[in-house]
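**Q**
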Amino acid sequence: METQQHTGEAHALTSLSPEVIVISSDDEDDDDVEAVGKEQEVIPWVEAIPRLLALAEDREQLDDPHELPALLREMRVNPSIDVRCALRSACEALGQLVLLSGDRVRRRRASSALVLVLCEVLSLAQVAPPHVELPRIKKEDSNLTASKAGRSARDVLDLVTEWNHVLSKILATHVGKQSAFSNTLARLDALILQCLREHGSIGEQMAMHAEGKESAALKWVETVAQDQQELSEDARERSFLLFDRAFIANEAVRTDFLNHHQAHIALVRQERRLAARRAFYEATVLLTHAVAAQQDQDQGQTESEQCGGDESGERALEMQMNLLGNGMLHCLEDFCSALRGLMMPASRQHGKECSSTKRSTEKAAKAETNASPAARESERRAALVAFAKQLELFWLLNRNRLPPAVLDVVAASFESLSKAHGRSGCPVSDALARIYAGLRAGSSSPR
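Read in order, the letters of the sequence shown are residues 2 to 448 in the working numbering.
(1) Within 10 Å of its beta-carbon, does Ala49 have 16 or more other beta-carbons around it, so buried, or fewer, so exposed?
(2) Taking all protein chains shown into account, decide if Thr289 is buried (16 or more other Cβ within 10 angstroms of its Cβ) or exposed.
(3) Thr256: buried (16+ other C-beta within 10 angstroms of its C-beta) or exposed?
(4) Could you tell me the distance, in whole angstroms, from the CA atom of Ala434 to the CA atom of Phe415?
(5) With H, G and I counted as helix, E and B as strand and the rest as coil, what does DSSP make of Ala43?
(6) At the level of alpha carbons, what is the spacing between Gln1 and Pro70?
(7) So Lys390 and Val47 are in contact, right, with Cβ under 8 Å, and what is the actual spacing, rounded?
(8) Does the beta-carbon distance from Arg188 to Ala442 come in below 9 Å?
(9) Quick one: measure Cβ to Cβ for Leu98 and Arg270, integer angstroms, because I've assumed they're closer than 8 Å.
(10) Between Arg278, Trp221, Glu252, which lies nearest to Arg108 when the distance is taken from Cα to Cα?
(11) Counting only the same chain and skipping the five closest in sequence on each side, list residues whose C-beta sits under 8 Å from that of Leu168.
(12) How about the stretch 216-230 and the stretch 327-341: do they share at least three Cβ pairs that are nearer than 8 Å?
(13) Mind reading off the beta-carbon distance from His210 to Leu268? Whole number of angstroms is fine, and I expect it under 8 Å.
(14) So, is Ala421 buried or exposed, given that buried needs 16 or more other C-beta atoms within 10 angstroms?
(15) Excluding five sequence neighbours on each side, which residues of the same chain lie with their C-beta closer than 6 Å to the C-beta of Ser356?
(16) By the 10 Å Cβ neighbour count, where 16 or more other Cβ atoms means buried, how is Ser180 classified, buried or exposed?
(17) Candidates Ser425, Leu397, Ser183, Arg424: which alpha carbon is nearest Ala438's?
(18) Can you tell me the Cβ-Cβ gap for Phe281 and Ala94, rounded? I've got them flagged as a contact below 8 Å.
(19) Measuring CA to CA, which of Asp83, Val118, Ser124 is closest to Pro45?
(20) Taking 9 Å as the threshold (beta carbon to beta carbon), is Gly177 in contact with chain B?
(21) Compute the beta-carbon to beta-carbon distance between Ala126 and Val292, rounded to the nearest angstrom, for a pair I have assumed lies under 8 Å.
(22) So, at 6 Å on beta carbons, what are the nonlocal neighbours of Glu272 in its own chain, with the 5 sequence-adjacent residues on each side left out?
(23) Shortest alpha-carbon distance to Gln298 belongs to which of Asp83, Met322, Leu197, Leu440?
(24) Compute the Euclidean distance between the alpha carbons of Glu315 and Arg105, then round it to the nearest angstrom.
(25) In its own chain, which residues sit with a C-beta less than 7 Å from the C-beta of Glu393, not counting the 5 before and 5 after it?
(26) What three-state label does DSSP hand Val116 in the structure shown?
(27) Can you name the start and end residues of the alpha helix (DSSP H) that Leu73 belongs to?
(28) Which residues in the same chain have their Cβ closer than 7 Å to the Cβ of Phe336, if we skip the five residues on either side of it in sequence?
(29) Hey, quick one: how far does the alpha helix (DSSP H) through Leu418 stretch, first residue to last?
(30) Give the C-beta separation of Leu119 and Leu53 to the nearest angstrom, bearing in mind that I take them to be a contact with Cβ-Cβ under 8 Å.
(31) Residue range of the alpha helix (DSSP H) that Val78 falls in?
(32) Check for me: the alpha helix (DSSP H) holding Leu95 runs from which residue to which?
(33) From Glu195 to Ala111, what distance separates their C-alpha atoms?
(34) Where does the unbroken alpha helix (DSSP H) through Val386 begin, and where does it stop?
(35) When you compare only the Cα positions, how much space is there between Gly177 and Ala191?
(36) In chain order, which continuous runs of the alpha helix (DSSP H) of length 4 or greater are located wholly inside the stretch 257-332?
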């Protein structure tokens with residue numbers, strides 16, 4: 002396998018990398034993927050995400066015939082021609098959307114975050130060697146680990162790891178993957194329909210502002226004609242006075258025209274971004290179909306062994322999902338309580354950390370004592386960023402694999418928690434806001 006250079010952003014994220022959710026498969030017919038599996042571990046999502054973004058934003062890199070296949074192999078995805086072509090189209094659509102976001106930081110960040118949609122689909126195509134223990138999500142070794150906040154983080158990660166294993170086992174079955182594919186396509190179709198509805202609304206607003214511009218222009222013409230009749234100076238002086246008088250007397254008309262004009266321009270740009278977003282979702286639908294077709298082909302020979310029949314497989318899947326969903330809801334209150342402990346104000350949190358931290362060695366104690374408050378806060382924030390990234394990846398990569406009713410309850414709980422206890426600039430608060438928005442995006446359930 003050819004080794005590719007990581008982007009700068011990927012290097013920056015390496016230290017924050019959680020171990021990826023690896024999906025096992027009983028079918029290892031693809032020699033290429035099996036050979037890659039022997040060479041190296043699967044690439045973590047926090048490294049794959051910036052590389053996918055780099056491919057989307059850099060057309061020259063995307064045109065490199067080795068980049069895309071190499072990344073797919075590192076992600077342990079079979080780089081078939083159909084999957085490569087579909088992923089390339091999706092990357093092109095995502096790159097166009099990011100480009101249309103311009104220099105607006107928040108808008109560009111929101112567009113870039115859609116790379117997680119690609120990761121959702123690609124995670125369904127991942128394969129792993131059989132009889133290998135699935136890696137657990139890494140617990141960050143930082144100054145959080147000995148504090149009360151660190152214990153909260155460990156509690157959360159322990160639950161996530163447990164749910165992770167159950168989901169991986171479910172997804173290793175043919176019926177489990179088919180259910181995940183169906184949910185993914187349903188969510189993407191809902192997002193496309195939402196784009197179409199927004200497009201219709203934008204069209205109505207554009208027509209309204211175009212009519213407002215025309216009305217303001219007609220008022221201006223009428224006023225100029227009226228002023229022209231009232232002026233009696235010679236032609237050269239009349240020309241200047243006519244404009245001056247009309248300009249002063251029609252400030253409201255001018256303001257109205259400019260407001261409609263600027264709103265119309267903004268809507269045109271919004272319409273372009275919306276069209277680009279819809280094109281991205283449509284390209285992702287094609288990618289999902291390509292991955293599903295590949296999975297059907299790979300698992301065609303072992304389908305009966307994995308499922309024991311569609312009906313019994315569906316019953317077993319439903320039972321497993323119900324057990325998982327009930328367990329998640331049962332632990333949700335403790336889960337949110339642990340997250341709340343990570344979202345306390347910085348000064349209060351720092352005081353609790355200092356009072357509860359137990360240093361294992363004198364060297365560690367001396368290093369902690371000598372560290373400046375700014376350095377400790379920087380380390381703590383880095384640990385929270387890494388934790389928040391793991392939390393966000395778990396929920397958004399698995400949102401199409403969990404029961405919709407569970408997702409609705411989780412989204413509502415996270416929204417309430419974020420609004421009641423969130424604080425600006427807190428990595429965990431920001432992650433929770435993105436999570437509950439992502440869980441609701443494309444959901445058929447009413448808010």
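Heads up, the beta-carbon is just placed ideally off N, CA and C, and yes, glycines get one too.
**A** In short, the structure shows the following:
(1) buried
(2) buried
(3) exposed
(4) 8 Å
(5) For the record, residue 43 in the displayed sequence is Val; it is not Ala. Of the three classes helix, strand and coil, the one that applies to Val43 here is coil, per DSSP.
(6) Any property of residue 1 remains undetermined from this structure, which presents the chain solely from 2 to 448.
(7) 6 Å
(8) yes
(9) The Cβ separation is near 12 Å, so there is no contact.
(10) Arg278
(11) Ile22, Leu325, Asn399, Arg402, Leu403
(12) no
(13) 7 Å
(14) exposed
(15) The predicted position of Ser356 is uncertain, since its pLDDT is 41 and thus under 50; a value taken from the coordinates is nonetheless stated next. Cβ within range, chain order: n/a, list empty.
(16) buried
(17) Leu397
(18) 4 Å
(19) Ser124
(20) The structure shown contains no chain B; it holds only a single protein chain.
(21) 4 Å
(22) Ile203
(23) Asp83
(24) 46 Å
(25) Ala432, Arg435, Ile436
(26) helix
(27) 68-75
(28) Val157, Leu160
(29) 405-422
(30) 6 Å
(31) Here Val78 belongs to no alpha helix (DSSP H), and DSSP marks it neither H nor E.
(32) 82-101
(33) This sequence places Gln at residue 195; Glu is not what is there. Roughly 17 Å between the two C-alpha positions.
(34) 374-398
(35) 21 Å
(36) 304-308
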